[in-house]
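Residue numbers (our numbering): 3 to 159.
Just so it is clear, CB atoms sit at the ideal spot from N, CA and C, and this is done for glycine as well.
Report on the following structure.
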Amino acid sequence: MYVCISISLVLGEVDEATREVFGLTLDERQWASVPAIANCVAYQGFDPLRVLAEFMRRGVTQPSETYKTVTIGDSTMEVCEGTEPKSDLLFLLTVFITRGNNVAKILLKCDTAVRDIISRKCSQYGISTSDKQRAGPLGPSVITLARLSQAFAPATA
Numbered sequence: 003m004y005v006c007i008s009i010s011l012v013l014g015e016v017d018e019a020t021r022e023v024f025g026l027t028l029d030e031r032q033w034a035s036v037p038a039i040a041n042c043v044a045y046q047g048f049d050p051l052r053v054l055a056e057f058m059r060r061g062v063t064q065p066s067e068t069y070k071t072v073t074i075g076d077s078t079m080e081v082c083e084g085t086e087p088k089s090d091l092l093f094l095l096t097v098f099i100t101r102g103n104n105v106a107k108i109l110l111k112c113d114t115a116v117r118d119i120i121s122r123k124c125s126q127y128g129i130s131t132s133d134k135q136r137a138g139p140l141g142p143s144v145i146t147l148a149r150l151s152q153a154f155a156p157a158t159a
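Structure, rendered in structure tokens:
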């Protein structure tokens, strides 16, 4: 027999009548463990608000007024040596849109000046540059280029 447990039950908002119905099989200790179980098995993956908060938190760690001008071919860009969240976000989203999410692969096939910038920005914001397969899911505040693009969807549209 399957028992459908409602959201209110999982969150611990259970009225006495419901407790009596399910009380035939669950004691008070078991009832008390339901919220903890729900937290343990809750989805631990991508959370756009946490990614946004984590990106902004890391963005204020190394502020700098120093900019570097990089010229590649006919294109010239200025890049902040430290962290500047808005400019860095624009840069990282442009990298994602034009090159994809695999930073390790991007670094293999780009100009050395750009490689240095991408590596530095990824390091400053804790974005992995490894192409090794991870064991298990990513935590909710782990930053990847794909997660940045989803957390800041209006900027990538």
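Distance from the Cα of THR71 is smallest, within the candidate group VAL62, VAL105, GLU30 and VAL116, for VAL116. Between GLY61 and THR96, the gap from beta carbon to beta carbon reaches 7 Å or more.
For SER130, the secondary structure class from DSSP, reduced to helix, strand or coil, is coil.
Comparing C-alpha distances from SER130 to each of PRO87, PHE48, VAL144 and ARG101 shows the shortest one belongs to VAL144.
PHE48 is not a Cβ neighbour of ARG122, given a cutoff of 7 Å.
Closest by C-alpha distance to ASN103, out of LYS88, SER89 and ILE120, is ILE120. Of the candidates ALA106, ALA55 and ASP90, ASP90 places its Cα closest to the Cα of TYR69.
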